[in-house]
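The sequence shown begins at 80 in our numbering and counts up one residue at a time. Positions of the beta carbon are idealized from the N, C-alpha and C atoms, including for glycine.
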Amino acid sequence: QTAAMKEPRDNTQFVKIEHAAQILRAGDVVAMPTETVYGLAGNAQSDDAVVKIFETKSRPRFNPLIVHCATREMVEAIAEFPPLADILADKFWPGPLTMVLPKRDDAALSDLVTAGLDTVAIRMPKHEMARELIRQAGFPVAAPSANPSGKLSPTTAQHVLDGFEGRVPVIDGGPATEGVESTIVAVHDDQLILLRPGTISREALTEATGRSVLDPQDKTIKAPGMLLSHYAPNAAVRLNASDCVDGEAALNFGNSELTSAKAKLNLSAEGDLAEAARNLFSYLRKLDQAGVHTIAVAPIPELGLGEAINDRLRRAAADRN
Ligand code: TXA
Ligand code: MG
């Protein structure tokens, strides 16, 4: 194999952090690695930049974005910080936890980021390159997952290039180590509401705070791709499969034994949920590329990280109309 064959398909679309920071300061969008999934980043203070994010993804504008910060100082200029948020930040930041907090009246933030809400979703990513990009840009960065709306989230730089057909430059930070989007929790004075499960589990939130984690009462508060069909491959997805029908691809977990002549992968032969989360989106992509009509998925336990994995799988399986 020659060196040339290993070159990325479109070398010009891979950018270094310094260049990416310039792109952000110029009001454009760039894709950045995070530990969860790649994000489509833009200046959270600029209406124009935020509009570009929505347009690039074809994302409905009523669905607010997460603001990514590099420091606590940056966070506290944007949001009120109740004591429970403090506990969670100490324990889980930087990391795959997004907190929905009351927005400060004097927050320097485009109203398009929050879709007019008086709360704001904030996270401090663990990926060093993401925090370095934000530091160099000098402002908080709005970033939804770097994929066309409704499609599978990207866990590698190549996924980003594929999804936007090379139209968005990307910093290559390697494969995402978590693999599913951040846990989103709404933090109130006295309670926590889980808006989107992620790799920081409900149990871990309870352990850190001593509070039970509630489910949203009002489903009209639009959380995480609460548009039910989300994270969808082209193939249909059939959950809790105990066998594989002719022509289906198989996605196994642990010692499940779905077999397929077309294509077959195991999210984690060891039954490790963290490994399964890391592999989830890229394996769905790979099975999709086999051109099958349906991907049959073995049962995944609804424990710990299993809640996040099953959440994404249910959305992938949902009716697309
Ligand atoms: O891991 C992640 O969180 C990734 C990476 C790039 O950081 N980002 C991500 O962003 O998943 P996105 O836009 O795909 O999902 C953010 C979700 C949205 O579905 C939105 O409904 C919810 O966060 N959200 C944002 N602001 C909110 C708010 N003020 N109240 C309730 N939900 C909010
Ligand atoms: Mg997304």
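Check for me: the alpha helix (DSSP H) holding residue i runs from which residue to which?
{"i": "Ile272", "result": "Not the alpha helix (DSSP H): Ile272 falls in the beta strand (DSSP E), residues 271-275."}
{"i": "Lys230", "result": "Careful: Lys230 lies outside any alpha helix (DSSP H) and carries neither H nor E."}
{"i": "Arg401", "result": "Lying before the first or after the last residue shown, residue 401 is absent from the chain, which here runs from 80 to 400."}
{"i": "Ala128", "result": "126-136"}
{"i": "Arg290", "result": "Run containing Arg290: none; DSSP gives neither H nor E here."}
{"i": "Gln237", "result": "236-243"}
{"i": "Gln101", "result": "96-104"}
{"i": "Phe171", "result": "162-171"}
Flag residue i as yes when its Cβ comes closer than 8 Å to any non-hydrogen atom of the ligand MG, and as no otherwise.
{"i": "Pro223", "result": "yes"}
{"i": "Tyr310", "result": "yes"}
{"i": "Glu260", "result": "yes"}
{"i": "Gly137", "result": "The question names Gly, yet the displayed sequence has Ser at residue 137. No, the ligand MG has no heavy atom inside 8 Å of this Cβ."}
{"i": "Ser232", "result": "yes"}
{"i": "Asn226", "result": "yes"}
Compute the distance between the beta-carbons of residue i and residue j, then report whether it is under 9 Å.
{"i": "Gly333", "j": "Val371", "result": "no"}
{"i": "Val292", "j": "Arg281", "result": "yes"}
{"i": "Gly242", "j": "Ala255", "result": "no"}
{"i": "Val116", "j": "Gly229", "result": "no"}
{"i": "Gln215", "j": "Ala100", "result": "yes"}
{"i": "Lys205", "j": "Glu114", "result": "yes"}
{"i": "Leu212", "j": "Ile132", "result": "no"}
{"i": "Ser261", "j": "Ile250", "result": "no"}
{"i": "Ser321", "j": "Ala377", "result": "yes"}
{"i": "Ile145", "j": "Ala209", "result": "no"}
{"i": "Ala395", "j": "Ala328", "result": "no"}
{"i": "Leu337", "j": "Leu163", "result": "no"}
{"i": "His238", "j": "Arg364", "result": "yes"}
{"i": "Pro233", "j": "Arg138", "result": "no"}
{"i": "Ala187", "j": "Ile157", "result": "yes"}
{"i": "Ala355", "j": "Leu384", "result": "yes"}
{"i": "Pro112", "j": "Gly277", "result": "no"}
{"i": "Ser294", "j": "Leu318", "result": "What sits at residue 294 in the sequence shown is Asp, not Ser. No, the Cβ-Cβ distance between Asp294 and Leu318 is not below 9 Å."}
Ignore the nearest five residues each way along the sequence and tell me which others in residue i's own chain have a CB closer than 6 Å to its CB.
{"i": "Val179", "result": "Thr198, Ala200, Ala265"}
{"i": "Asn345", "result": "Asn331"}
{"i": "Thr235", "result": "Pro254"}
{"i": "Ala342", "result": "Ala328, Leu366, Ala369"}
{"i": "Arg88", "result": "Reliability of the predicted coordinates at Arg88 is poor, the pLDDT of 49 falling under 50, and no value is obtained from them."}
{"i": "Trp172", "result": "Met203"}
Can you determine whether any heavy atom of the ligand TXA sits closer than 8 Å to the C-beta of residue i, and answer yes or no?
{"i": "Leu293", "result": "no"}
{"i": "Gly277", "result": "yes"}
{"i": "Ala200", "result": "yes"}
{"i": "Pro254", "result": "no"}
{"i": "His147", "result": "yes"}
{"i": "Gly118", "result": "yes"}
{"i": "Pro219", "result": "no"}
{"i": "Asn122", "result": "no"}
{"i": "Leu188", "result": "no"}
{"i": "Ala353", "result": "no"}
{"i": "Val179", "result": "yes"}
{"i": "Thr288", "result": "no"}
{"i": "Thr150", "result": "no"}
{"i": "Pro204", "result": "yes"}
{"i": "Ala265", "result": "yes"}
{"i": "Thr113", "result": "yes"}
{"i": "Pro380", "result": "no"}
{"i": "Pro143", "result": "yes"}
{"i": "Leu196", "result": "yes"}
{"i": "Pro175", "result": "yes"}
{"i": "Thr235", "result": "no"}
{"i": "Leu274", "result": "yes"}
{"i": "Thr338", "result": "no"}
Would you kindly report the start and end of the unbroken beta strand (DSSP E) that includes residue i?
{"i": "Thr262", "result": "262-266"}
{"i": "Gly118", "result": "118-122"}
{"i": "Ile145", "result": "145-147"}
{"i": "Val109", "result": "109-111"}
{"i": "Arg140", "result": "Note, Arg140: premise wrong, no beta strand (DSSP E); not H, not E."}
{"i": "Ala315", "result": "315-317"}
Looking only at its chain, what residues have a beta carbon closer than 7 Å to the beta carbon of residue i, apart from the 5 residues adjacent to it on each side?
{"i": "Lys301", "result": "Confidence is the limiting factor: at Lys301 the pLDDT is only 49, short of 50, which leaves the residue's position unreliable, though a coordinate-based value still follows. Counting only Cβ-Cβ distances below 7 Å, and skipping sequence neighbours, we find Phe141, Asn142."}
{"i": "Phe218", "result": "Asn122, Ala123, Gln124"}
{"i": "Cys148", "result": "Val154, Ile201, Met203, Ile213, Pro219"}
{"i": "Arg391", "result": "Val259, Tyr310, Leu359"}
{"i": "Thr285", "result": "Ser291, Val292"}
{"i": "Gln92", "result": "Leu240, Gly245, Pro248, Val249"}
Suppose the cutoff is 8 Å on Cβ atoms and the five residues either side in sequence are ignored; what does the same chain contact list for residue i look like?
{"i": "Glu381", "result": "Asn389"}
{"i": "Val108", "result": "Ile102, Leu119, Ala120, Gly121, Ala128, Lys131, Ile132, Thr135, Val247"}
Tell me whether residue i counts as near the ligand ATP, meaning its Cβ is closer than 8 Å to at least one heavy atom of that ligand.
{"i": "Leu359", "result": "Among the ligands in the structure shown, the ligand ATP does not appear; only the ligand TXA and the ligand MG can be found there."}
Examine chain C for any beta-carbon lying closer than 9 Å to the beta-carbon of residue i, and answer yes or no.
{"i": "Ala314", "result": "Absent from the structure is chain C; it holds one protein chain and no more."}
* **Start-end ranges of the beta strand (DSSP E) lying completely within the stretch 177-218, minimum 3 residues** => Qualifying beta strand (DSSP E) stretches, in chain order: 198-202.
* Counting only runs that start and end within the stretch 332-387, where is the beta strand (DSSP E) found for 3 or more residues in a row? -> The stretch 332-387 contains these whole beta strand (DSSP E) runs: 343-345, 373-376.
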